[in-house]
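S.K.:
There are 2 protein chains.
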Amino acid sequence: MVQDHGLSDRKLIILKAIIKNYLETGEPVGSRTLSKYTDLNLSSATIRNEMSDLEDLGYIVQPHTSAGRIPSDQGYRLYVDLLMDEKEQELDEMRDKMLEKADKLDKLLKQAAKSLAVNTNYATMISAPANSRNTLKFIQLSQVDESQVVAVIVMGGNVIKNKMIEVDENLGNETLLKLNLLLNSTLNGMSIEKINLGLIASLKEQAGIHSHVVGDVLDAVAEAIHLDDDMEIYTSGATNIFRYPELRDNQSAEEIINAFEEKQQLAELVTETLASEDHNGIQVYIGEETPVKTMKDCSVVTATYELGEGMKGTIGIIGPKRMDYEHVMKSLKTLQSELDAIFYKDNNRKRE
Amino acid sequence: MVQDHGLSDRKLIILKAIIKNYLETGEPVGSRTLSKYTDLNLSSATIRNEMSDLEDLGYIVQPHTSAGRIPSDQGYRLYVDLLMDEKEQELDEMRDKMLEKADKLDKLLKQAAKSLAVNTNYATMISAPANSRNTLKFIQLSQVDESQVVAVIVMGGNVIKNKMIEVDENLGNETLLKLNLLLNSTLNGMSIEKINLGLIASLKEQAGIHSHVVGDVLDAVAEAIHLDDDMEIYTSGATNIFRYPELRDNQSAEEIINAFEEKQQLAELVTETLASEDHNGIQVYIGEETPVKTMKDCSVVTATYELGEGMKGTIGIIGPKRMDYEHVMKSLKTLQSELDAIFYKDNNRKRE
DNA sequence: ATTAGCACTCGGAACTTTTGAGTGCTAACA
DNA sequence: TGTTAGCACTCAAAAGTTCCGAGTGCTAAT
């Protein structure tokens, strides 16, 4: 994945040094600073020459004539690509914090977003996995009172949906029993995306006598299952954006925070990420590369996680371009496997 | 409720004019501006004299020697109190927007917060009503697979809670049936706050044979019901804060936004508001008065709404001290009655 | 009681100066 | 030939000026 940069070793070391230093300070870095910072004993003049070359090659830029250099998007890109190929270690006390509060999926994800934000000091988001690939585990209608029935739908990963249904006539116990039997025998274990209108129609037919009431019920169930409309997205640490002056001062900070509040734009980011998977599922968008124009002054690192069969969700970290890519990618990897682990544990427990 | 301000009519008019002008511009207002702005034809000099008096009385202050005056907290307070006593009218196209998307309570409140934010251009929050006063309508345990049972709990207002319960042994249909009967006959129609440990213990006893398994189940149910720990709070328009320079520039903006993200502090605001009801349930905290120190540079206007018997929630609007109190209070009133209306409609539908 | 007039204040805008980190280039050096 | 020292030059940011004008308080006249 490392593109063919034909850079001499020394140039590469210098470039890395520039980026690393800039990541820490956020200030343009000059030749003098570097001549001390790096191990190879080179005078500032020599470094200046190399830097001049690196600038010509497009890896670094000068914000203005008499300033030090900062990495260009292309420079970051090279840096990240190199990083990708280096092996990664473990790292976390995140695990503990995450597990202690998790009982339902939404709580879990909320918590995960938070740990990640605390751990990295960037803004984070996690999208709940789309249910379309999930399977139905259990479905049940129960009469609440004369005119109301509640449908309870349990899916894989113990995702639970509820739907109140208004009925005109009292259905009675037997009808309900029959309906429950029908629903469970037909739908159990079935993947959500296979439940289409044809199937629903056929179910209605089988329901027989009460078919019009039953129709309402089934419609409601179908609606509850196909909740595609609103994608759940949990965010945390949006205000971390303020830590980075280059974002805070730009009015872009407001827009970013707003994006985190509205979540609409984040949803786009999610679909984009899911669409183009790559590289262990970890992707790095630098500056203009990001699909969300609001974040053109940021870097966005995303990963997909998978709860069993095809239920994919997205994790995203949004920070300044000078984000600590190494740390971020480690944390993402960790969280990824963490989520996997939880799912499999859950799954195994069920199978005992 | 109007405190005894012994201000001459003229002083009052001038004070109002100052505040009104300041609400619009956000700039300190000087005598010259006023002498044109007001109807009563007074020269700037006269007004200066009056302003001098008003300053001595503490209603307005000079941010610095050679600047105009801005209202002090005390000045705002008088203004708001006067406003409170004047009659209010209707106003809304909020109604339409609100109703169109509401199906579950959480969606409804989220939507309400949003309309309110859009409508007022301030930051808003709505807390879901505490369930402690709510009543249980229906409760049911269902076997999902060999080792898992799902408890479905329906409360007034069709608030639905779910809880997955792990069981060691297969309970079997009959046991479940018995349990469901027991739970419903004992708990139905009961107020949540009346379900205490004693009652739970007695239930466990009655459950007989399976009491240890049943114990687990009941504990889980109890836990699901007593969800006090996490109060649900929906927010919207936090970024509206940025519209007001006096908040944006102060680093307080960040803190406020953060408060909206963390929601912890908002929860305090809610409990505070619910504790000290007053004045149609509408309260105005100006500057330092607010219970949340983070918002000492803001004004906070809160209202309580009630979904039937004692299920109270809180609506809050957070903005700059120079907020448009009149509009805000109108909007709050409207939303209040809106929520009431929805509840009663819902209630009547059930009773048909 | 109101107003005109005047000297005075002071924050903020605009402009200037200073500072210092940084550069490119050239000439000397290993 | 690659490296380094030295120097003149640049320019953003900080610090320091100046200027302006909205605003005040006070006094004297109406």
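If you're matching them up, the sequences are chains A and B in order. In terms of my numbering, the first sequence opens at residue -12 and continues consecutively. In terms of my numbering, the second sequence opens at residue -12 and continues consecutively. Built from N, CA and C at the ideal position, the CB exists for glycine as well.
#1: Would you identify the three-state DSSP class for B:D132, choosing helix, strand or coil?
#2: Straight-line CA distance for B:G143 to B:S119?
#3: Consult DSSP for A:A117 and reduce its assignment to one of helix, strand or coil.
#4: Counting pairs of Cβ atoms below 8 Å between the stretch 229 to 240 of chain B and the stretch 267 to 278 of chain B, do you hit three or more?
#5: I want to know whether the stretch 249 to 264 of chain B touches the stretch 133 to 140 of chain B - three or more CB-CB distances under 8 Å.
#6: According to DSSP, is A:A54 part of a helix, a strand, or is it coil?
#7: Bridge partners for A:F222 per DSSP, in chain order?
#8: Which runs of the alpha helix (DSSP H), 4 residues or longer, sit entirely within the stretch -6 to 22 of chain B?
#9: Evaluate the contact criterion for the stretch 12 to 20 of chain A versus the stretch 50 to 57 of chain A: three or more CB pairs, one atom per stretch, below 8 Å.
#10: May I ask which residues mark the beginning and end of the beta strand (DSSP E) holding A:Q270?
#11: In whole angstroms, give me the CA-to-CA distance for A:E161 and B:N167.
#12: Using only CA atoms, which one of B:S172, B:E37 and B:V287 lies nearest to B:V315?
#13: Please report how far the alpha carbon of B:E275 lies from the alpha carbon of B:Y9, in whole angstroms.
#14: Got a sec: which bits of the stretch 266 to 288 of chain A sit with their beta carbon under 9 Å from any beta carbon on chain B, in order along the chain?
#15: Using a Cβ cut-off of 9 Å (strictly closer), state whether B:E248 contacts chain A.
#16: Report yes or no: is there a C-beta of chain B within less than 9 Å of the C-beta of A:V139?
#17: What number of angstroms, rounded off, separates the C-alpha of A:E241 from the C-alpha of B:E192?
#18: For A:I47, which residues does DSSP report across the bridge?
#19: To the nearest angstrom, how far is it from the Cα of B:G(-7) to the Cα of B:Y66?
#20: Does any CB atom of chain B fall closer than 9 Å to the CB of A:Q251?
#21: What in chain B is Cβ-close to A:E241, meaning under 8 Å?
#22: Examine chain B for any beta-carbon lying closer than 9 Å to the beta-carbon of A:M218, and answer yes or no.
#23: Look at the Cβ atom of B:V137, then the Cβ atom of B:I152, and state whether they are nearer than 9 Å.
#24: Alpha carbon to alpha carbon, how far is B:I6 from B:T301?
#25: Can you tell me the Cα-Cα spacing of A:T12 and A:I304, whole angstroms?
#26: Going along chain B, which residues have a C-beta under 7 Å from A:M151?
#27: Quick one, are the C-beta atoms of A:I47 and A:T25 less than 9 Å apart?
#28: Between the Cα of B:E246 and the Cα atoms of B:L184, B:R35 and B:A110, which residue gives the shortest distance?
#29: For A:I329, I'd like the list of residues in its chain whose CB is within less than 6 Å of its CB, leaving aside the five on either flank, ordered along the chain.
#30: Looking at chain A, is there any beta carbon in it that lies within less than 9 Å of the beta carbon of B:I179?
#31: With distances taken Cα to Cα, identify the nearest neighbour of B:M218 among B:S114, B:K(-2) and B:Q98.
#32: Output the distance between the C-alpha atoms of A:D60 and A:T107, rounded to the nearest integer angstrom.
#33: Just the C-alpha distance for B:R64 and A:L163, rounded to the nearest angstrom, thanks.
#34: Quick check on this structure: which residue in B:G202, B:T122, B:L70 and B:E180 has the alpha carbon closest to the alpha carbon of B:V154?
#35: Please check if any C-beta of chain B sits within less than 9 Å of the C-beta of A:K165.
#36: Under three-state DSSP, which class holds B:G176?
M.R.: Let me lay it out:
#1: When DSSP states are grouped into helix, strand and coil, B:D132 belongs to the strand group.
#2: As the crow flies, the alpha-carbon of B:G143 is around 11 Å from that of B:S119.
#3: Here DSSP, grouped into helix, strand and coil, assigns A:A117 to coil.
#4: No, the stretch 229 to 240 of chain B is not in contact with the stretch 267 to 278 of chain B.
#5: They do not touch, by the three-pair rule.
#6: In the structure shown, the three-state DSSP call for A:A54 is coil.
#7: In the sequence under discussion, the amino acid at residue 222 of chain A is Thr, which differs from the Phe named in the question. DSSP, once it has assigned bridges, lists A:M112 as partnering A:T222.
#8: As summarised for the stretch -6 to 22 of chain B, the continuous alpha helix (DSSP H) elements at least 4 residues long and confined to that stretch are -4 to 12, given in chain order.
#9: Yes: the two stretches touch, three or more of their Cβ pairs being nearer than 8 Å.
#10: That run of the beta strand (DSSP E) goes I269 to I273.
#11: One C-alpha to the other measures close to 17 Å.
#12: Closest option to B:V315, Cα to Cα, is B:V287.
#13: Between B:E275 and B:Y9, the C-alpha separation is close to 19 Å.
#14: Correct list: empty, as no residue qualifies.
#15: Yes, B:E248 lies at the interface with chain A (some Cβ there is under 9 Å from its Cβ).
#16: Taking Cβ atoms only, chain B reaches closer than 9 Å to A:V139, which makes this a yes.
#17: In a straight line, the C-alpha of A:E241 is about 58 Å away from that of B:E192.
#18: In the DSSP output, where bridge partners are listed per residue, A:I47 has A:P58.
#19: Note on geometry: alpha-carbon atoms of B:G(-7) and B:Y66 lie some 14 Å from one another.
#20: Interface flag for A:Q251 against chain B is unset, since no Cβ pair is found closer than 9 Å.
#21: Within 8 Å Cβ-Cβ: T226 and F229.
#22: Cβ-Cβ to chain B under 9 Å: no for A:M218.
#23: A contact, by the Cβ cut-off of 9 Å.
#24: For B:I6 and B:T301, the distance between alpha carbons rounds to 28 Å.
#25: Near 20 Å, if we compare the C-alpha coordinates of A:I304 and A:T12.
#26: Per Cβ cutoff of 7 Å: N145.
#27: No, Cβ-Cβ distance for A:I47 and A:T25 is not below 9 Å.
#28: First, the residue type needs correcting, since residue 246 of chain B is Ala and not Glu in the sequence shown. Checked all of B:L184, B:R35 and B:A110; the closest Cα to B:A246 is B:A110.
#29: If we look at A:I329 and ignore the five residues flanking it on each side, it has no Cβ neighbours.
#30: It does not; no Cβ of chain A falls within 9 Å.
#31: When B:S114, B:K(-2) and B:Q98 are compared, the shortest CA-CA separation from B:M218 is found for B:S114.
#32: Roughly 21 Å between the two C-alpha positions.
#33: Their backbone Cα atoms lie some 60 Å apart in a straight line.
#34: Ranking B:G202, B:T122, B:L70 and B:E180 by Cα distance to B:V154 puts B:G202 first.
#35: No - not a single Cβ of chain B is within 9 Å of the one on A:K165.
#36: Reduced to three states, the DSSP call for B:G176 is coil.
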